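*Asks:*
Residue numbers (the working numbering): 11 to 198.
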């Protein structure tokens with residue numbers, strides 16, 4: 011998407027090293043002079059932004075292309091699926107007693123439901139912000155959250171600046187979409 015729009019200094023990150031390896035292999039299979047950095051990184055790490063920029067500088071120093079040398083922020087931060095996965099992740103517990111006390115029960119199904127990790131959502135937002143400068147755009151595409159929910163989830167750190175309209179459907183008198191794409195900027 012960004013490549014087709016003319017962006018040339020691209021970096022892709024993922025928590026999963028096999029996913030990063032696959033992305034590298036796909037890029038290498040294409041005949042192109044485009045330099046895309048692929049980095050394994052945990053966006054929930056306190057040092058996520060620092061680690062990403064450090065990795066970019068290391069890759070750049072080993073490359074003929076020095077266009078990434080002074081990178082300290084991105085113009086566009088694009089998320090397709092990472093926040094969805096994080097926002098549905100259960101909160102980690104150190105011991106089983108603590109885990110049991112944190113579970114809630116769905117009375118209709120009598121099944122245990124894990125509490126989601128709200129701290130992880132805050133870390134994610136904080137670290138996305140650290141990847142950006144004041145005019146950067148954070149574009150998130152979600153299959154789990156509506157546009158209104160995404161706006162509310164990120165309202166502390168970001169302001170809504172746009173959206174991508176997707177096909178909608180109506181079911182039971184309610185109109186919705188299977189995907190939401192929302193663009194934000196850092197709040198001044």
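Backbone N, C-alpha and C define an ideal beta-carbon position, used for all residues, glycine too.
Here the structure is a predicted model, which is why all the values come from computation and not from measurement.
Out of 54, 50 and 86, point me to the one whose CA is closest to residue 69's CA.
*Replies:* Answer by Cα proximity: 50.
*Asks:* Please classify residue 30: does DSSP put it in a helix, a strand, or coil?
*Replies:* Residue 30 falls in the helix class under three-state DSSP.
*Asks:* How far does the beta strand (DSSP E) with residue 150 in it reach, from first residue to last?
*Replies:* Per DSSP, residue 150 belongs to the beta strand (DSSP E) from 142–152.
*Asks:* In terms of residues, what are the limits of the alpha helix (DSSP H) holding residue 67?
*Replies:* 58–71 is the span of the alpha helix (DSSP H), which, as asked, contains residue 67.
*Asks:* Taking the alpha-carbon positions, what's the residue 153 to residue 55 distance?
*Replies:* Between residue 153 and residue 55, the C-alpha separation is close to 24 Å.
*Asks:* Of all the options 193, 177, 192 and 194, which has the alpha carbon lying nearest to the alpha carbon of residue 186?
*Replies:* Among 193, 177, 192 and 194, the Cα nearest to that of residue 186 belongs to 177.
*Asks:* Taking C-alpha atoms, which residue in 14, 36 and 164 lies nearest to residue 136?
*Replies:* Closest by alpha carbon: 164.
*Asks:* To the nearest angstrom, report how far apart residue 120 and residue 95 are at their CA atoms.
*Replies:* At residue 120 the pLDDT is 43, less than 50, meaning the model places this residue with poor confidence; the figure from the coordinates comes in the next sentence. Approximately 25 Å, taken between the alpha carbons.
*Asks:* Measure from the alpha carbon of residue 93 to the alpha carbon of each residue in 82, 62 and 52, then state which is nearest.
*Replies:* For residue 93, the nearest C-alpha among the options comes from 52.
*Asks:* In this structure, how does DSSP classify residue 52 when only helix, strand and coil are distinguished?
*Replies:* Three-state DSSP puts residue 52 in coil, outside helix and strand.
*Asks:* Which first and last residues belong to the alpha helix (DSSP H) in which residue 160 is found?
*Replies:* Run containing residue 160: 157–163, per the alpha helix (DSSP H) assignment.
*Asks:* Applying the criterion that 16 or more other CB atoms from any shown protein chain within 10 Å of the CB defines a buried residue, is residue 113 buried or exposed?
*Replies:* Residue placement at residue 113 cannot be trusted, given a pLDDT of 49 that sits under 50; what the coordinates show is reported in the next sentence. It is exposed - the Cβ of residue 113 has fewer than 16 other Cβ atoms within 10 Å.
*Asks:* Roughly how many angstroms lie between the CA atoms of residue 88 and residue 182, to the nearest whole one?
*Replies:* Distance between the alpha carbons of residue 88 and residue 182: 33 Å.
*Asks:* Mind reading off the beta-carbon distance from residue 169 to residue 192? Whole number of angstroms is fine, and I expect it under 8 Å.
*Replies:* No, residue 169 and residue 192 are not in contact; Cβ-Cβ is about 11 Å, not under 8 Å.
*Asks:* With 16 as the cutoff for other CB atoms within 10 Å, does residue 174 come out buried or exposed?
*Replies:* So residue 174 counts as exposed.
*Asks:* Could you tell me the boundaries of the alpha helix (DSSP H) in which residue 92 lies?
*Replies:* That run of the alpha helix (DSSP H) goes 92–97.
*Asks:* Using only CA atoms, which one of 189, 62 and 72 lies nearest to residue 141?
*Replies:* When each option's Cα is compared against that of residue 141, the closest is 62.
*Asks:* Are the CB atoms of residue 86 and residue 12 nearer to each other than 9 Å?
*Replies:* A contact, by the Cβ cut-off of 9 Å.
*Asks:* With distance defined between alpha-carbon atoms, name the residue in 82, 35, 27 and 59 nearest to residue 19.
*Replies:* Nearest C-alpha to residue 19: 82.
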